[in-house]
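What follows is one structure encoded as structure tokens, with my remarks underneath.
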Amino acid sequence: MSADMRLTLRALSALLGYPSAELQENIGDVRAALRQEGALPPRAMERLEPLLQAFETQELLDLQAEYSDLFDRSRSLSLHLFEHVHGDSRERGQAMIDLGQHYIDHGFAIQSSELPDFLPLFLEFLSCSDPVEARTWLSEPAHVLQALEERLAERGSSYGAIFHALLALARATPDRRAVAELQQRYREEQAKSIDEEWEDAPVDFSAPLHPGGGPTGVIAKIRAARRAVRQATKG
1 MSADMRLTLR ALSALLGYPS AELQENIGDV RAALRQEGAL PPRAMERLEP
51 LLQAFETQEL LDLQAEYSDL FDRSRSLSLH LFEHVHGDSR ERGQAMIDLG
101 QHYIDHGFAI QSSELPDFLP LFLEFLSCSD PVEARTWLSE PAHVLQALEE
151 RLAERGSSYG AIFHALLALA RATPDRRAVA ELQQRYREEQ AKSIDEEWED
201 APVDFSAPLH PGGGPTGVIA KIRAARRAVR QATKG
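Residues 1 to 235 in my numbering are what the sequence shown lists, from first letter to last.
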């Protein structure tokens, strides 16, 4: 595997964002970025192919509906990492502050309304980091990534391949005890009704779930990074 994984992290970040017309139109660039860099083992690339093909063949509204059903309507599949680590405890707020400060200290400006622990945003940050440091950071929530992969596999979702790929990049073996604890919490949450789980959540029907329609900036970064890699190769 390639030591560099900048393109791969950005591609996976794009795939984990809310499906947009731009992402769907440029899914070929995402696949090319993954292949060009060669950071993922063949098995991880093979597992990603059904998801990439879904973006090429399915209607955008169907892709968006599936995404919302998975990631917007279940805390057990939340893409906010600290949801799984800290839940609603006070530690979550401090962890969010610390991570946001880490972004600032490393010159990474958050240009969206997303919280610092939103996984696509976290992957964008890692794509700007030294590969060794990025791999270390990515290995920290390995048990969360493993649990999410297993939960998505139970639903038969091709999105699980992204988490398999992230674990391959991290080169980390998740703590099985930590994974088991997360899965126990998941089973307990599954016993609750959706209404009970979200009864205290405010609802604003005038605001879209995903302002801006998706990770438009990530696609541009993938293209720019691919051009930079090609120029470096020619040089």
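Positions of the beta carbon are idealized from the N, C-alpha and C atoms, including for glycine.
{"Asked": "Where Pro41 falls, given that 16 or more other Cβ within 10 Å makes a residue buried", "Found": "exposed"}
{"Asked": "Member of Pro19, Ala32, Ser157, Ala21 whose CA lies at the smallest distance from the CA of Pro50", "Found": "Ser157"}
{"Asked": "Whole-number beta carbon distance between Met96 and Asp72, since they are thought to touch under 8 Å", "Found": "Actually they do not touch by this definition, with Cβ atoms about 19 Å apart."}
{"Asked": "Range of the contiguous alpha helix (DSSP H) that encloses Tyr67", "Found": "60 to 67"}
{"Asked": "Cβ neighbours of Leu115 in the same chain (closer than 7 Å, five flanking residues each side left out)", "Found": "His80, Met96"}
{"Asked": "Residue span of the alpha helix (DSSP H) that contains Asp105, given as start and end", "Found": "90 to 105"}
{"Asked": "Length of the line joining the Cα atoms of Ser193 and Leu138", "Found": "Legend: pLDDT at Ser193 = 49, less than 50; position of this residue unreliable, value from coordinates given subsequently. Whole-angstrom Cα-Cα distance: 32 Å."}
{"Asked": "Distance CB(Pro120)-CB(Leu60) smaller than 8 Å", "Found": "no"}
{"Asked": "Which of helix, strand or coil DSSP assigns to Phe108", "Found": "coil"}
{"Asked": "Chain C contact for Phe55 (CB, 8 Å cutoff)", "Found": "In the structure shown, chain C does not exist; there is a single protein chain."}
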